Structure formats: structure tokens, C-alpha cells
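Participant:
Chains as they are written, first to last, in our numbering: chain A, 1 to 205; chain B, 206 to 410; chain C, 411 to 615; chain D, 616 to 820.
1. Could you work out which residue in 496(C), 465(C) and 600(C) is closest to residue 475(C) when comparing CA atoms only?
2. Beta carbon of residue 439(C), beta carbon of residue 388(B): below 7 Å?
3. Please give the ranges of any alpha helix (DSSP H) in the region 732-785 of chain D, keeping only runs that are unbroken, at least 4 residues long and fully inside the region.
4. What does residue 716(D) touch in chain C if you count any residue whose Cβ is under 8 Å from its own?
5. Residue 89(A) by DSSP, collapsed to three states: which one?
6. Spell out whether any CB of chain A is found under 7 Å from the CB atom of residue 222(B).
7. What would DSSP say about residue 54(A), mapped onto helix, strand or coil?
8. Nearest to residue 83(A) by CA position, among 145(A), 172(A), 171(A) and 36(A), is which residue?
9. Do you know offhand how far residue 569(C)'s Cα is from residue 536(C)'s?
10. Interface residues of chain C around residue 216(B) at Cβ under 9 Å?
11. Go ahead and label residue 514(C) buried or exposed: buried means 16 or more other beta carbons lie within 10 angstroms of its beta carbon, across all protein chains shown.
12. Where residue 76(A) and residue 452(C) are concerned, what is the direct C-alpha to C-alpha distance, given to the nearest angstrom?
13. Where does residue 632(D) fall in DSSP's three states?
14. Suppose you measure from the CA of residue 669(D) to the CA of residue 712(D); what does that come to, to the nearest Å?
15. For residue 508(C), which residues does DSSP report across the bridge?
16. Output needed for residue 385(B): all residues of its chain with C-beta closer than 6 Å, excluding positions within five of it in sequence on either side, in chain order.
17. Between residue 171(A) and chain D, is the shortest Cβ-Cβ distance under 7 Å, so that the two count as touching?
18. Name, going along the chain, the residues of the region 22-54 of chain A whose beta-carbon falls closer than 7 Å to a beta-carbon of chain D.
19. Output the residue ranges of the beta strand (DSSP E) runs that lie fully inside the region 638-668 of chain D and measure 3 residues or longer, sorted by chain position.
20. If we cut at 7 Å on Cβ distances, does residue 789(D) have a partner in chain C?
21. Within the chosen definition, does the region 56-75 of chain A reach the region 114-124 of chain A through at least 3 CB pairs nearer than 8 Å?
22. Whole angstroms is fine: what's the gap from residue 405(B)'s alpha carbon to residue 311(B)'s?
23. Once DSSP output is grouped into helix, strand and coil, what is the label at residue 524(C)?
24. According to DSSP, simplified to helix, strand and coil, what is residue 683(D)?
25. Within 10 angstroms of the Cβ of residue 32(A), are there 16 or more other Cβ atoms? Answer buried if so, exposed if not.
26. Run through chain D and tell me which residues come within less than 7 Å of residue 528(C), C-beta to C-beta.
27. Compare the C-beta of residue 613(C) against all C-beta atoms of chain D and say whether one is closer than 7 Å.
28. Among 316(B), 268(B) and 295(B), which residue has its Cα nearest to the Cα of residue 210(B)?
29. Using a Cβ cut-off of 7 Å, pull out every chain C residue sitting near residue 720(D), in sequence order please.
30. How big is the Cα-Cα spacing for residue 91(A) and residue 177(A)?
31. The beta strand (DSSP E) spanning residue 473(C) covers which residue range?
32. Can you name the residues of chain C whose CB is closer than 9 Å to the CB of residue 326(B)?
33. With DSSP as the reference, label residue 623(D) as helix, strand or coil.
34. For the candidate residues 790(D), 671(D), 780(D) and 731(D), whose alpha-carbon lies nearest to that of residue 811(D)?
35. In angstroms with no decimal places, state the Cα-to-Cα distance between residue 249(B) and residue 357(B).
36. Using 8 Å for Cβ pairs, my map puts residue 511(C) next to residue 469(C). What's the rounded Cβ distance?
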């Protein structure tokens, strides 16, 4: 017996795609989004569709290890990265992955992390009560072996005192998460805004 | 007994958010807008919501010192800056605060002011009948203590012969004001256009 | 007895404003548009309104010397430049004036003309059957005395063998014209596209 | 007796124009799109119209040599390039030609090809299972003689082991193709995204 896929989760995912497409963050079939459901379930976008024009049929359910409830459906290639976030952070309720020009260009140039400092919008990151603080986002080398990439992510997290709610994959895009979809979208907009400033400024940490 | 919040003020504020969001000037929950009401009241956006998708419930009323009429509601963090503008300039009927890529990058690089010269759009600033004139917009260091920031603003105004209807906060955005919301939006568009030109030109005053 | 203002002319002007606003070419109250009517009349936008949100009331009629049929209405400040184009070029049926970031930045840097070469889109300019040809657009210094500016324009035209259907005013924007509004919009889009390429290329003629 | 023009082909072409116009890839009357029909027929856009505002009347049928079924209609100037693609690649079901700022600026600077490497979005190109591979897109000199340009394209294809499903014409735009319109749009979005990254990165192959 399968539990239903709640309508609000479907709407949150479809709406996120529309908002991200307006900013050109989901070109081609890039990007994927998910929402945590009760009882260890995750609603996530299916593979191979344009995320700016999602339909309810493009949303499916996996467990916290990325296994589809309906074996006939294929989730987004990076579903394991979403699941890794939900397993590690109890407070994560929604995860967004997008490709922007800024995050692609900057992650290709960056070393192992990308530091952002002096922006009012840093307040969109938890624990930062002031713009004087800074955030160092981890940057990972791209890898088509998603399990190995997730292991690299977990290795880095294990070595950090405070894990910021986002990371970059080189030439591949950004991941952010928050308590719900609206908060995740706000965090993503804040991050992309700062990355675009960094890109125009021409001095990258 | 509380006075009502007039419908035109609500509509002006919601409409301003939509227009600013189209230009990407209110990322995440950034930005705030207000309209002066009769009898020392100010309609202003509430804190923590996305300004591109405002509802009537996201608009509230404060007095000229920023105190909410309904103590259960929290106004935008920078409400005191709006009130400072209304107290000082009798002709100010609407105030807009937005974050653009251009105003963020330029204010981070600028010294104590940012000068604009030689643009036809300078005519959007009062007292400038011609494009030959120039405007020097004050730039303030960002400060999470808004009362202290407002004191710095007032100190600078006191030392100026003519106060231009706008200023920048470093890494944090721009404030502009005008007699009503439509005029404030026109002034903001003119200012952001010139800042974007400056950014692309690569020579900042 | 006054002739009516034909509905198609009103719709062409309102539609042009919407299309130009989508590209951010009419910030604040900048820009103005006109359509030639029969019998020496010109439909033109009124002064001081946002051109992206025009209403039928924002369109008025002047004669070929810029005199309003209804003396109570004020046409756009640069109406004389429109009239100068209609007087000189019998084939001109519509005139567009817009401010883009690209035309503002490039006209501020340029000398007395701006040359475009090697673009397929040059075919949008008359007499150029191939992309190998080039166009040199006149660039004029800005002037708040519009009659004097129009005299400068006419002086330059008198010295040219072939007059291209467009010119730039330094820090102030572009004028283009064509047989009708649809053709004028196509010419403007082609021109702005090439100017944006020039801006990004960083080498301006 | 003429076969009908199927409604899905018309809708695919009109929809492609709207999506490309949102990204500013069809300025003026630039761009053209086609869909392969059964029995050696091709549905293609007519010449001289804005591709962002297509109507069903703006779509016509040609054979694989570009001859119109209705001799009264004129197809897009570059129809022969579309036909050349359909003749050579049995798997091509839709062809898109667009002008972007990025593809125009980069093709003007490039040599005989433009290489893209290290992007996750390279997976939108067939045969590339990983982001580690690279694609070298042919760049051709622009030519108003389309038959001669098509001969140059075929000459280059004949010398290649693997032909990527796209090429650039200098100062003139890009061509991409795929099995159907949705896949062609995804491939175009992926390509334009990578070109925009290259443009901002400032180091072009």
C-alpha cells in the first residue's frame, strides 16, 4: 500500500521550478527540487524534464536512500544528494539544486571553497546575525558517480564545525536547503544574488 | 480606536513589489516600501516576506517613530530609516528600499559618496534641469543597529546644502523617496539605470 | 473641428511601450514614440508618464512642427526630433526613442559616430544587402535645447550621402525610424542587439 | 493535392519562438525554426516576421530541397540549412536557429571551432556520458549565398568522425537539432548557457 503524494508538496515543487526558470537557473533539463514528507519519504522531481514547466506527473516519491516507491519511475540523477541532506540535517524540509551562470563560472574558478563577506544578504544564512560575518561555501569537484560525490560531501561535513546550508559542485551548480520550500527559495535567491555580485566584482575568494 | 489602512496605499505597495521583482531588486526577503498616510501614520511592509509576492496582510501601519499600531505585527527591520525620511522631508510621500546587483557592487567599492554626471536621466532628480549637472549620492557603512545608522544619515544630511532624495548603504542597497509611489518608482528606475551604466563602464566615482 | 486619433495608431504606440519595457529600454519616464497620421498629423506620447504602462489618454496629436492640436496637452519633450524625422524622410511612418544600458554607455564613450560591421543583423538597415557592409550611426552631444539639437541633426544629415535611419544622443539614448511601427521595433531590436554585442566585446568604433 | 500541415508541428514552432524570445534569442526578424514531417516534408517559419509573435499563418511547408509547396509563400532565407540537416541526419526531427548576444560575440572572436569542456550541461550533447568530455562546435564564416554556405557545412561534416548536433555562423547565430522540438530546445538552452559562461569567463577556445 502506497501513501499519497500530498498536493502542497507537488505545488511547492512546481512553483519553485517556475520561479527558478524566470531567473534562468534551470536551463535544458537541469536542476532538481525536493520536499521532505512525513515517515521517511521525499517528494522529488523526475529525471529528464524541463523544470520550468513541471506537471504533477513529474513529481515522484523516494525513501531516504533514494529508492523510488514506484519502481517504474526514474528520479533525478542527483536524488542521492538530496537524500544525503535530509539524512544529515533534521531541520532540512526542502532542497533546491540549480545551475546559474554565476554559480557555474565561479565554481569553475574556485578552489575548495568560496567565501562571501560583507553582504547584508548574508543574514539569509543561519547563525549570521550580522553582515560582518562571512560564509565559506564548500566547492566539490564534479563527479558522475553520485554515491562517490555524496561520500565526498559527507567527508567534508564531518570535518566542519558549522555546516552552511549550501554547497557548489564545480561547473555543475549549487545546492541549498532550508526548513521549507519558501525559505529554501529565499536562501537560494540570496546566494545567487551574492554570487552575481562576486562575478561582476571580479574578485573571487 | 484604529484608523483603517487605505486601499490605495496597499495597492501602491503591492504593485511596487511586483515591479521591483521583475528587475530582480528584491531577492529573498530583501527590500521594503512605505507610503505616508494622513495624521502621522505610515503604511509599511512587514518583515520576513518576499516583496515580489506581497498580500494585503503583509502591509501594516506604524507612526513616525516606527511604532506599530498593532503591537502583534513586526515591521521591516529598516522601518526607522523610512520614518527618518518622512520626519525630515515634508514632501516625501513614498519611500523605496531595494537591493540591486549594481547598487550592491558599487556601494561596496565606493567611498563616502557616489557621483553621477552626464546622464539625461539625472533629470529625475529634483533641482537638476539639465543633464550637465551632477548628483553625489551619500554612501553609508552598513550597520545592524538601525537607530545608529539613522543617526549617521541625519548627521550627513545636516552637513549638506542640498540633500538628494536617495542614498546607498554599503553592500546593502539603496533608498529613494518622492512625492508618491509612482514618482518614487520612476526615480528608482532612473537611479538603477545610471548605476548599471556606471557598473558596465567600469569607472566609478 | 478636430480629426480623430485612429485606434491603430494608439494601439501601435501602447504596444511598442510594452515591448520596449520588457527589455528595460524605457526606465522612469524615459522614451517616446510616434506614428505618422494622414494630413500632416503625428500621434505622439505625452510627457511625464511611464512608457511601459501607457493608456490611450497618454497619446496625443501634434502637427509636423510639434504644435499640439489640443493646447491643454504637453507632448514629450523631444517631439521636435520626431517631427524633424517626418519632415525630412517621406518614407518614415513611425519613430522610436529609447534608453538602453548599451546605447547610453556606448554613446558616452563614442566620438561623432559609432560604426557597426560584420553582423548579420545589419540587414535590418536599408540598402545593406549583406553583412559585409557597415553602418556608421551619428552620435550627437546631448542638449536640453531641443530646437538647437534638431538643427545639429539636420546639419549632419545635410553633409551625408546616405542617412542611416537612426542616431544616438550622448548619455541620452537612440532614435530609429521605419515605414511603420512593426518595422521600427524590428530595426530597434536589431540595433540594440548589435550595441549590446559591442558593449560586451569591449572594442567600440 | 496538398497534404495538411499538422497542428502539433505548428504549435511546436510557435511555442519555440515564445520561449526563445523570452531569452532575447530572436531579435528583430532573426531566427528560424523547423520540424520534420512525414513523407519528405518540412514545416518551417516564413521569412520576415518576428519569431516571438508567430501565428499559424507564419508556418509553411517545403520539401527536403527547400522548395515551397505553396509557391506564393517565401520561407526563411536559411531554409536550405535546415534541409541540409534533415537530409544528412535521419535522427533530426527539429532544427532551431537563434541569435544570442553570447553566440554572436563568441563566433566573431572564434577561429574555425569553439570548444566547450568541463560543464555538466555537456551531457545535453549525444555520446557524452560525462562532463569530462568536450565538444568542439564548428564555426563557419557568414555568407549571404546560402547554397555556398551549406556546401561549406557539408564539406566540414565530411571531414569529421563525429558530427556534433550544432554549429555557429560568425556574427550570425547558432544552429542546433535534435529528435524533436522539446529536445532541440533543451539542447539549445544547454548550449547557450555554456556560451554565456564562456563569455563571462573571458577565455574562449
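Just so you know, even glycine gets a beta-carbon here, dropped at the ideal spot from N, CA and C. Keep in mind that this is a model prediction, so the values were computed, not measured.
Facilitator: In terms of the structure at hand:
1. Taking the first residue of the third chain as position 1, residue 475(C) is located at position 65. Minimum Cα distance to residue 475(C) is reached at 496(C).
2. One-based indexing of the third chain puts residue 439(C) at position 29. One-based indexing of the second chain puts residue 388(B) at position 183. No, these two residues do not count as a Cβ contact at 7 Å.
3. 761-773
4. In the fourth chain, counting from the first residue as 1, residue 716(D) sits at position 101. Chain C residues near residue 716(D): 603, 606, 607 and 610.
5. If you number the first chain from 1, residue 89(A) lands on position 89. If DSSP states are grouped into helix, strand and coil, residue 89(A) belongs with coil.
6. For this step, residue 222(B) is matched to residue 17 along the second chain. Chain A, which has no Cβ nearer than 7 Å to the Cβ of residue 222(B), makes this no.
7. The residue given as residue 54(A) occupies position 54 in the first chain. If DSSP states are grouped into helix, strand and coil, residue 54(A) belongs with coil.
8. Numbered from its first residue, the first chain carries residue 83(A) at position 83. That would be 36(A), whose Cα lies nearest to the Cα of residue 83(A).
9. Position 159 of the third chain, counting from 1, holds the residue named residue 569(C). Position 126 of the third chain, counting from 1, holds the residue named residue 536(C). When rounded, the distance between both Cα atoms is 19 Å.
10. Working through the second chain from its first residue, we reach residue 216(B) at position 11. By Cβ distance, chain C contributes nothing, its closest Cβ being about 14 Å from residue 216(B), past 9 Å.
11. Looking up residue 514(C) in the third chain gives position 104. Buried, by the Cβ-count rule.
12. Taking the first chain and counting its residues from 1, the one referred to as residue 76(A) is at position 76. Taking the third chain and counting its residues from 1, the one referred to as residue 452(C) is at position 42. Their Cα atoms are separated by approximately 58 Å.
13. Within the fourth chain, residue 632(D) is the residue found at index 17, counting from 1. Residue 632(D): helix per DSSP, three-state reduction.
14. As a working mapping, residue 669(D) is identified with position 54 in the fourth chain. As a working mapping, residue 712(D) is identified with position 97 in the fourth chain. The alpha-carbon atoms of residue 669(D) and residue 712(D) are separated by roughly 15 Å.
15. The residue labelled residue 508(C) in the question sits at position 98 within the third chain. Per DSSP, 584(C).
16. Taking the first residue of the second chain as position 1, residue 385(B) is located at position 180. These residues qualify, in order along the chain: 298 and 299.
17. Here residue 171(A) corresponds to residue number 171 of the first chain, with the count starting at 1. Answer yes: the Cβ-Cβ gap between residue 171(A) and chain D drops below 7 Å somewhere.
18. 27, 28, 29, 30 and 50
19. 647-652 and 656-660
20. For the purposes of this step, residue 789(D) is taken as the residue at position 174 of the fourth chain. Closer than 7 Å: no.
21. no
22. Walking along the second chain from the start, residue 405(B) turns up at place 200. Walking along the second chain from the start, residue 311(B) turns up at place 106. If you take the alpha carbons of residue 405(B) and residue 311(B), they lie about 11 Å apart.
23. Translated into positions along the third chain, residue 524(C) becomes position 114. The answer is strand: DSSP assigns residue 524(C) an E or B state.
24. Sequence index remark: in the fourth chain, residue 683(D) carries index 68 (1-based). Looking at residue 683(D) - three-state DSSP - the assignment turns out to be strand.
25. In the first chain, counting from the first residue as 1, residue 32(A) sits at position 32. When all chains shown are included, residue 32(A) counts as buried.
26. If you number the third chain from 1, residue 528(C) lands on position 118. Going along chain D in sequence order, the residues near residue 528(C) (Cβ under 7 Å) are 723 and 786.
27. On the third chain, position 203 is the one that residue 613(C) refers to. With a pLDDT of 46 at residue 613(C), under the threshold of 50, the predicted position of this residue should be treated as unreliable, though the coordinate-derived value follows. Not one chain D Cβ lies under 7 Å of residue 613(C).
28. By one-based count along the second chain, residue 210(B) stands at place 5. Nearest option by C-alpha distance: 268(B).
29. Taking the fourth chain and counting its residues from 1, one reaches residue 720(D) at position 105. Those are 607, 610 and 611, listed as they occur along chain C.
30. In the first chain, residue 91(A) corresponds to position 91, counting from 1. In the first chain, residue 177(A) corresponds to position 177, counting from 1. About 9 Å.
31. Taking the first residue of the third chain as position 1, residue 473(C) is located at position 63. Element bounds for residue 473(C): 469-473.
32. Walking along the second chain from the start, residue 326(B) turns up at place 121. Here the neighbours are 437, 438, 440, 509, 514, 581 and 582.
33. Within the fourth chain, the letter at position 8 stands for residue 623(D). DSSP places residue 623(D) in helix when its eight states are reduced to three.
34. By 1-based counting over the fourth chain, the position of residue 811(D) is 196. Measuring from the Cα of residue 811(D), the nearest candidate turns out to be 731(D).
35. The sequence position of residue 249(B) within the second chain is 44, counting from 1. The sequence position of residue 357(B) within the second chain is 152, counting from 1. If I take the Cα positions, the gap works out to 22 Å.
36. In the third chain, counting from the first residue as 1, residue 511(C) sits at position 101. In the third chain, counting from the first residue as 1, residue 469(C) sits at position 59. That pair is no contact at about 27 Å.
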